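Chemist: From first to last, the protein sequence lines are chains A and B. Going by my numbering, the first sequence opens with residue 5, and the numbers climb by one from there. Going by my numbering, the second sequence opens with residue 37, and the numbers climb by one from there.
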Amino acid sequence: MDPTKYLEALVKADSKIIDQLYDKELPKVTRFVMQNNGGQQDAEDIFQKALLQLTTRYVAEPFEIKSSFEAYLFTVCKNLWRRELNSKKPRVTNATHLEPVYDPEDLALSAMEQKRWDLFKACFELLSENCKVVLQLFFNKVSYADIVDRLGYNSETVARQRVFKCKAKLTELVKKDRNFKALREL
Amino acid sequence: MTNQDLIEISALLRGELPADEAQSLQNRLDADPELMEIYLLEKQQFEALDESQWPKATTADKDYKKFHKAAQSDAVKNLHQYLETREDTPTKIIPLYQRTYFKWVAAVAVIALVISGILLGGQEDPQTLYAQYLDMDDVPTLTVRSESDSIYGILENQFQNGNYREFLNNLKEYDTLPANASLLLYEGLANNELNNTPKALATFDELIASDLIDAPRGHWFKALALLKSGAVTEAKSVLEYIVSNELYNADKAKELLSDLP
Chain A
5 MDPTKYLEAL
15 VKADSKIIDQ
25 LYDKELPKVT
35 RFVMQNNGGQ
45 QDAEDIFQKA
55 LLQLTTRYVA
65 EPFEIKSSFE
75 AYLFTVCKNL
85 WRRELNSKKP
95 RVTNATHLEP
105 VYDPEDLALS
115 AMEQKRWDLF
125 KACFELLSEN
135 CKVVLQLFFN
145 KVSYADIVDR
155 LGYNSETVAR
165 QRVFKCKAKL
175 TELVKKDRNF
185 KALREL
Chain B
37 MTNQDLIEIS
47 ALLRGELPAD
57 EAQSLQNRLD
67 ADPELMEIYL
77 LEKQQFEALD
87 ESQWPKATTA
97 DKDYKKFHKA
107 AQSDAVKNLH
117 QYLETREDTP
127 TKIIPLYQRT
137 YFKWVAAVAV
147 IALVISGILL
157 GGQEDPQTLY
167 AQYLDMDDVP
177 TLTVRSESDS
187 IYGILENQFQ
197 NGNYREFLNN
207 LKEYDTLPAN
217 ASLLLYEGLA
227 NNELNNTPKA
237 LATFDELIAS
247 DLIDAPRGHW
257 FKALALLKSG
267 AVTEAKSVLE
277 YIVSNELYNA
287 DKAKELLSDL
297 P
């Protein structure tokens, strides 16, 4: 099914489509969260937040999903879990004291963050394979000495030059993107 | 703005700039809006592409009002109301690892995500793909409703509750049970969840070699077991076999192949 149809179904709170998503996609998200040290309640919260976030974003400004909806939903869930792990606020997940899933401020922020992540990720994917590898190491704070070792460069100077060029290319791609204008004033 | 500025900004974001130089750069950022804009863009790139971080937005951001209004729209409220009142309870899956103190867990998980991100250059890592593609609906049930108290019911209950060691120990006790594809799948999956890949693969091979109706499912689960163990090349070979012979889950196998590096 066309990904936009799913988004429209969420806007209409179409129970049939939503139930299908729960049946087919929640188990995958549950397994991912559990394998990354979360629990079932975390997975269910994340899944619900993902559906609300997608709806919020689509209402704010209709957008296009270029992969399958299911794959994108899984990515959104993964990112929400990553966001949760990066949050300094500990989650409270016992049955009597659940963190609220519907929080308009947090939903708005997470939708904006996902939009921003989409932009950088899309531009990153346009880079050459070599640039992707170099920058992945660079952004994950691997030392230049290790980058030299892993990628077989002659010296750290060569590695630094390569990083510099790849990063310049990434910045150029980001700036060219039509969605970047909205980010400039963030 | 010079190349040196860009180098210093990168060094600052990687935590490599000495304190005095960091302060000097901070002063220049505060005084130069153009340089600050470049710094913010670089920072956002780091946050988005460093797996241990996340690009945070704030209520002061330009689009916030629009998104906040959307979050309070009837569409979102109605969806939330429906989600809260759904009668369906998702299938219970017992965690493989027990949840412990949040900060410790978060630290370990972030490190794992970082490592997988670094090693695979942005591709989904095999573990993630395994989690994404393993669907317990693909495993036929061992029992019918009237058999819930039978040995099959007990075994199924142990498996579904994640008591894999108990399940395997019990299975040994009942080694005279007739050949059953579901039982072999459960046995393979239980070994796989316990990271006993050789036994898991041997069990799936036994299923594949059998004349049971569900034997072709063994290829799919064998591919997933290989994927979980990190044997990506071997997993791809099995997936290609599934696709070319149009075996069980051929469509999923094709999709999974396209997700693999």
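Where is the CB? At the ideal position from N, CA and C, for every residue including glycine. Bear in mind the structure is a predicted one, so any value in this text is a computation, not a measurement.
Does the beta-carbon of A/M116 have 16 or more other beta-carbons within 10 angstroms, so that it is buried, or is it exposed?
Modeler: Flag for A/M116 reads buried.
Chemist: Since B/A305 contacts B/F240 with CB under 8 Å, what's their CB separation in whole angstroms?
Modeler: Nothing can be reported for residue 305 of chain B: it is not among the residues displayed for chain B, which extend from 37 to 297.
Chemist: In the stretch 159 to 177 of chain A, which residues sit with their C-beta less than 9 Å from some C-beta in chain B, listed in chain order?
Modeler: From the stretch 159 to 177 of chain A, only R164, V167, F168, K171, A172, L174, T175 have a Cβ closer than 9 Å to chain B.
Chemist: Output, in chain order, the set of chain A residues within a Cβ distance shorter than 7 Å of B/R50.
Modeler: Residues of chain A passing the Cβ test: K145.
Chemist: How about A/F124 and A/K136: do their beta carbons lie closer than 8 Å?
Modeler: No, the Cβ-Cβ distance between A/F124 and A/K136 is not below 8 Å.
Chemist: Measure the Cβ-Cβ separation of A/V80 and A/Q52 and say whether it is below 8 Å.
Modeler: Cβ distance not < 8 Å, so A/V80 and A/Q52 don't count as in contact.
Chemist: Would you mind sorting B/R181 into buried or exposed? The rule is 16 or more other CB atoms within 10 Å of its CB.
Modeler: Residue placement at B/R181 is flagged as unreliable, the pLDDT there being 48, under the threshold of 50; the coordinate-derived value follows with that caveat. Counting Cβ neighbours within 10 Å, B/R181 comes out exposed, since fewer than 16 surround it.
Chemist: Suppose only complete runs of 3+ residues qualify. What are the beta strand (DSSP E) ranges in the stretch 175 to 260 of chain B, listed by chain order?
Modeler: The qualifying runs do not exist here; there are none.
Chemist: Leaving out the 5 sequence neighbours to the left and right, which residues in its chain are closer than 8 Å to B/L165 when beta-carbon positions are compared?
Modeler: Excluding residues within five positions, the ones whose Cβ falls inside 8 Å are L263, L292, D295, L296.
Chemist: Would you give the residue range spanned by the alpha helix (DSSP H) that B/Y284 belongs to?
Modeler: Unbroken run through B/Y284: none, as it is neither H nor E.
Chemist: Under the three-state reduction of DSSP, which class applies to A/N41: helix, strand or coil?
Modeler: Coil, per DSSP.
Chemist: On a Cα-Cα basis, can you pick out the residue from A/V105, A/V167, A/S132 that is closest to A/D49?
Modeler: Checking every option, the nearest Cα to that of A/D49 belongs to A/V105.
Chemist: Hey, quick one: how far does the alpha helix (DSSP H) through A/E117 stretch, first residue to last?
Modeler: Residues 108 to 129.
Chemist: Would you mind stating whether B/P91 and B/Q80 have Cβ atoms separated by less than 8 Å?
Modeler: Contact flag set, yes.
Chemist: In chain order, what residues of the same chain lie with their CB nearer than 8 Å to the CB of B/M72, ignoring the 5 residues before and after it?
Modeler: L65, D66, listed in sequence order.
Chemist: My output table needs one value for A/I69: the three-state DSSP class, helix, strand or coil.
Modeler: A/I69: coil per DSSP, three-state reduction.
Chemist: Check the Cβ-Cβ distances between B/P91 and every residue of chain A, and say whether any is below 8 Å.
Modeler: Yes, B/P91 counts as interfacial toward chain A.
Chemist: Please report how far the alpha carbon of B/Q108 lies from the alpha carbon of A/P108, in whole angstroms.
Modeler: Between B/Q108 and A/P108, the C-alpha separation is close to 6 Å.
Chemist: Please report the distance separating the alpha-carbon of A/S159 from that of A/K32.
Modeler: Rounded to whole angstroms, A/S159 to A/K32 spans 43 Å at the Cα level.
Chemist: Does any C-beta atom of chain B lie closer than 8 Å to the C-beta of A/T60?
Modeler: Yes, contact with chain B.
Chemist: Could you please give the first and the last residue of the uninterrupted alpha helix (DSSP H) stretch that includes A/P7?
Modeler: From DSSP, the alpha helix (DSSP H) with A/P7 extends over 7 to 15.
Chemist: Against chain B, does A/M5 count as a neighbour if the rule is that its beta carbon must be under 8 Å from one of theirs?
Modeler: Not an interface residue.
Chemist: Just to confirm, is the Cβ distance from A/F73 to B/Q168 under 8 Å?
Modeler: In this structure, B/Q168 does not lie closer than 8 Å to A/F73 by Cβ.
Chemist: With DSSP collapsed to three states, give me the class of A/D18.
Modeler: Coil at A/D18, not helix or strand.
Chemist: Could you tell me how far apart the beta carbons of B/L243 and B/A251 are, in whole angstroms, since I believe they sit closer than 8 Å?
Modeler: Right, their Cβ atoms sit about 6 Å apart.
Chemist: Within 10 angstroms of the Cβ of B/R201, are there 16 or more other Cβ atoms? Answer buried if so, exposed if not.
Modeler: The residue is exposed, with fewer than 16 neighbouring Cβ atoms inside 10 Å.
Chemist: I'd like to know whether the C-beta of B/K258 is nearer than 8 Å to at least one C-beta of chain A.
Modeler: Closer than 8 Å: no.
Chemist: Under three-state DSSP, which class holds B/R50?
Modeler: Coil at B/R50, not helix or strand.
Chemist: Taking C-alpha atoms, which residue in B/P54, B/V274, B/L221, B/N205 lies nearest to B/L248?
Modeler: Of the listed residues, the one whose Cα sits closest to B/L248 is B/L221.
Chemist: Quick check: what's the CA-CA separation for B/I74 versus A/A172?
Modeler: Rounded to the nearest angstrom, the two C-alpha atoms are 11 Å apart.
Chemist: With distances taken Cα to Cα, identify the nearest neighbour of B/Y277 among B/L225, B/A259, B/G266, B/R50.
Modeler: Among B/L225, B/A259, B/G266, B/R50, the Cα nearest to that of B/Y277 belongs to B/A259.
Chemist: If you drop the 5 nearest sequence neighbours on each side, which residues of the same chain put their C-beta closer than 6 Å to that of B/A289?
Modeler: Only L275, I278, V279 meet the Cβ criterion.
Chemist: Mind checking which residues open and close the alpha helix (DSSP H) that includes B/A67?
Modeler: Per DSSP, B/A67 belongs to the alpha helix (DSSP H) from 55 to 67.
Chemist: Roughly how far, in whole angstroms, is the beta-carbon of B/L191 from the beta-carbon of B/L178, given that I think they are within contact range, below 8 Å?
Modeler: Indeed they touch by this definition, with Cβ atoms about 6 Å apart.
Chemist: Check for me: the alpha helix (DSSP H) holding A/K192 runs from which residue to which?
Modeler: The structure shown does not extend to residue 192 of chain A, since chain A is modelled only from 5 to 190, so the question has no answer here.
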